[in-house]
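To convert, take the position in the sequence shown, counting from 1, and add 121; that gives this note's numbering.
Where a beta carbon is used, it is the ideal one built from N, C-alpha and C, also for glycine.
As the structure is a computational prediction, the values presented were derived from the model and not from experiment.
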Amino acid sequence: MATLQLEQAVPDMVSTTSWGGHSNRIAVVNLEDQTPSCPDHDHHHQGPEWRKFLSYVGPGFLVSMAYLDPGNLETDLQAGANHGYELLWVIFMGLIFALIIQSLAANLGVSTGKHLAELCKAEYPKYVKLCLWLLAEVAVIAADIPEGIMLGTAFALNILFHIPIWAGVLITGSSTLLLLGLQKYGVRKLELLITLFVFIMAGCFFGEMSYVKPPASDVLRGMFVPKLSGNGATGDAVALLGALVMPHNLFLHSALVISRKVPNSIRGINDACRYFLIESGIALFVAFLINVSIVSVTGSVCMAKNLTPENAGRCNDINLNTASFLLKNVLGPSSSTIYAIALLASGQSSTITGTYAGQYIMQGFLDLRMRKWIRNLMTRCIAITPSLIVSIIGGSSAAGRLIIIASMILSFELPFTLIPLLKFSSSSMKMGPHKNSIYIIFTSWVLGLMIIGINVYYLSTGFVHWLIHNSLPTPGKVAVGIVIFPLMAIYILAVIYLTVRKDTAVTYIEPIKNDHINVEARLEGGAAKSSMELLVDQPVYREDLADIPLPE
122 MATLQLEQAV PDMVSTTSWG GHSNRIAVVN LEDQTPSCPD HDHHHQGPEW RKFLSYVGPG
182 FLVSMAYLDP GNLETDLQAG ANHGYELLWV IFMGLIFALI IQSLAANLGV STGKHLAELC
242 KAEYPKYVKL CLWLLAEVAV IAADIPEGIM LGTAFALNIL FHIPIWAGVL ITGSSTLLLL
302 GLQKYGVRKL ELLITLFVFI MAGCFFGEMS YVKPPASDVL RGMFVPKLSG NGATGDAVAL
362 LGALVMPHNL FLHSALVISR KVPNSIRGIN DACRYFLIES GIALFVAFLI NVSIVSVTGS
422 VCMAKNLTPE NAGRCNDINL NTASFLLKNV LGPSSSTIYA IALLASGQSS TITGTYAGQY
482 IMQGFLDLRM RKWIRNLMTR CIAITPSLIV SIIGGSSAAG RLIIIASMIL SFELPFTLIP
542 LLKFSSSSMK MGPHKNSIYI IFTSWVLGLM IIGINVYYLS TGFVHWLIHN SLPTPGKVAV
602 GIVIFPLMAI YILAVIYLTV RKDTAVTYIE PIKNDHINVE ARLEGGAAKS SMELLVDQPV
662 YREDLADIPL PE
């Protein structure tokens, strides 16, 4: 009798398709006519839709800072100065790519209850996951050195208060530790802080744009009409697109989403994936508008016909520091101050996201839950050293070159993060019935391989150009080539290995199947409950990812 009741209750509520097929989402049918849910879980399924959505807001804005960090700002400045509005379409396409890739990372975390680093640890042999961990840590440090507090914020302090770059590096190393003290009150407070920083940047650059008033027709044409004309347009377009998807950001997003209490049911997981997609779309749309405003302002200033020779020279060699002098000379002193405030917000927020990504990477690969204040202190010391040396010896110009080097390191590491994400999110062994459909698999792999190809092209052509045009004697160039080209071959072989290797570890836990067993036992014991409760398990909640407090 109990078995009959179970078979009548559960099939009426869900219908599933085989994991081996290509349409592998579980379809949830209308449950309005079913028995009301258990009171313990009403907060997951009742109440206004917007209130439920707000409980998932936060991770997308934290992740969006990767598209607004000082490295991206410098790339936008150069694109606008060199090509006006012509490369806006690259930013538009790039952020569509980014939304798809970031949604894969969010869905992976929600559907599996584990983040990307933990899944890599479970899947790969010891030597492979050790290499992946080292590459991921190098990516976090590379992002932290120039694009976070070390140089982005140091430039901002130099512009606002005329503090030397080297002193700004030291000051900002300490200030970020103070900001991260908010983590004592939970990750939601830091998400709120980062969201505030995003809107400060938006207000600053939108204010600049309203003052410059770029022609709307030219901006829209540049956004929707692909065009690559002029010297260096292809290279600048590659740099714009390659800077959009950051490897540490994928680890971060897959971890942040499981800091929420997601109901361990088909409806709960599907709703969470939908809410996170909407939230990421909103955050990335704001980031897109900010990037567009930066390119438009710089393009309007540098393409002006009445530009003085001095300002024209600054446009030809623009960077984070010289941009302030350019804006000050052309638009007035207040413009430079507004730019510096936006740069300060960008630098501080991007380093906070980098620190969180580093913590999740270490916890996932090594199962090491280091106290975050120790982790922060360690990464600050590692980040300060090269930034301090470069800023003391070479000043702002050398610090600008360090940003380019760090961007190349991030491009180098990207395939070793993106390929596991693409494979795991398309695998029934990892995602179960929540694996991507055949259409999403095809689209994501095409976009992923395109981004990887662009980054490999950027790295290889950059190295060949440097090898040909540097001042080394011919024997020195030959020796460098003998060392580097075999390493490039090993790099390509490693990427191919990750792509073609067959996954073996099964990490997906099927909540519904377990519920069937548990519910049948309850029914046998005469403790039958509502049919809705059969599908709702305790929420998946990772307290270790939600709050890692500082010591008292």
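Item: My output table needs one value for P285: the three-state DSSP class, helix, strand or coil.; Value: coil
Item: My guess is that A200 and L361 are in contact by the Cβ rule of under 8 angstroms, so how many angstroms apart are they, rounded?; Value: 6 angstroms
Item: Between H586, A243, Y460, T429, which lies nearest to N440 when the distance is taken from Cα to Cα?; Value: Y460
Item: Could you please give the first and the last residue of the uninterrupted alpha helix (DSSP H) stretch that includes V621?; Value: 595-621
Item: N385 lies in the beta strand (DSSP E); which residues open and close that run?; Value: 383-385
Item: Say whether the region 212-229 touches the region 424-441, bearing in mind that this needs 3 or more beta-carbon pairs closer than 8 angstroms, one atom from each stretch.; Value: no
Item: In chain order, which alpha helix (DSSP H) runs of at least 4 residues are fully inside the region 331-381?; Value: 337-345, 354-363, 368-377
Item: What's the C-alpha gap between R172 and S380?; Value: 18 angstroms
Item: Please identify the residue among Y396, T443, H283 whose C-alpha is closest to the C-alpha of S176.; Value: Y396
Item: Whole angstroms is fine: what's the gap from H236's alpha carbon to K598's?; Value: 43 angstroms
Item: For V178, does the count of other Cβ atoms within 10 angstroms reach 16, so buried, or fall short, so exposed?; Value: buried
Item: Nearest-angstrom Cα distance between H162 and C241?; Value: The predicted position of H162 is uncertain, since its pLDDT is 41 and thus under 50; no value can be drawn from it.
Item: For A358, count neighbouring Cβ atoms within 10 angstroms of its own Cβ and tell me buried if that reaches 16, exposed if not.; Value: buried
Item: In three-state terms, what does DSSP make of N391?; Value: helix
Item: Can you grab the Cα-Cα spacing for the pair M483 / F533, in whole Å?; Value: 20 angstroms
Item: When the distance is taken between beta carbons, is A260 closer than 8 angstroms to L487?; Value: no
Item: Would S421 and V346 qualify as a contact pair, given that the criterion is a beta-carbon distance under 8 angstroms?; Value: no
Item: Is the region 184-200 touching the region 399-407, taking contact as three or more C-beta pairs under 8 angstroms?; Value: yes
Item: For K551, does the count of other Cβ atoms within 10 angstroms reach 16, so buried, or fall short, so exposed?; Value: buried
Item: Could you check what DSSP says for G453 in three-state terms: helix, strand or coil?; Value: coil
Item: Alpha carbon to alpha carbon, what distance is there between P454 and Q223?; Value: 38 angstroms
Item: Taking the alpha helix (DSSP H) that H590 falls in, what are its first and last residues?; Value: 559-590
Item: Between which two residues does the alpha helix (DSSP H) harbouring L209 extend?; Value: 209-233
Item: Round the Cβ separation of M609 and S565 to the nearest angstrom and send it over; I've been treating them as touching at under 8 angstroms.; Value: Contact doesn't hold; Cβ gap of about 26 angstroms is too wide.
Item: Suppose the cutoff is 6 angstroms on Cβ atoms and the five residues either side in sequence are ignored; what does the same chain contact list for V378 look like?; Value: P180, A227, G230, V231, F397
Item: Between L255 and Y245, is the Cβ-Cβ spacing less than 8 angstroms?; Value: no
Item: Do L539 and L371 have their beta-carbon atoms positioned less than 8 angstroms apart in this structure?; Value: yes
Item: Starting from L194, follow the alpha helix (DSSP H) in both directions and report where the run begins and ends.; Value: 191-204
Item: Could you work out which residue in T474, D197, F545, F320 is closest to I561 when comparing CA atoms only?; Value: F545
Item: Rounded to whole angstroms, what's the CA-CA distance from C423 to A202? Just pull it up for me.; Value: 5 angstroms
Item: Considering only residues of the same chain and omitting the five flanking positions on each side of I284, which have a CB-CB separation below 6 angstroms?; Value: L278
Item: Just curious, the alpha helix (DSSP H) that V184 is in, first and last residue?; Value: 180-185
Item: Between the Cα of L194 and the Cα atoms of V418, T476, S547, which residue gives the shortest distance?; Value: V418
Item: Measure the alpha-carbon distance for D438 versus L619 and round it to whole angstroms.; Value: 39 angstroms
Item: Classify G574: buried if its beta carbon has 16 or more other beta carbons within 10 angstroms, exposed otherwise.; Value: exposed
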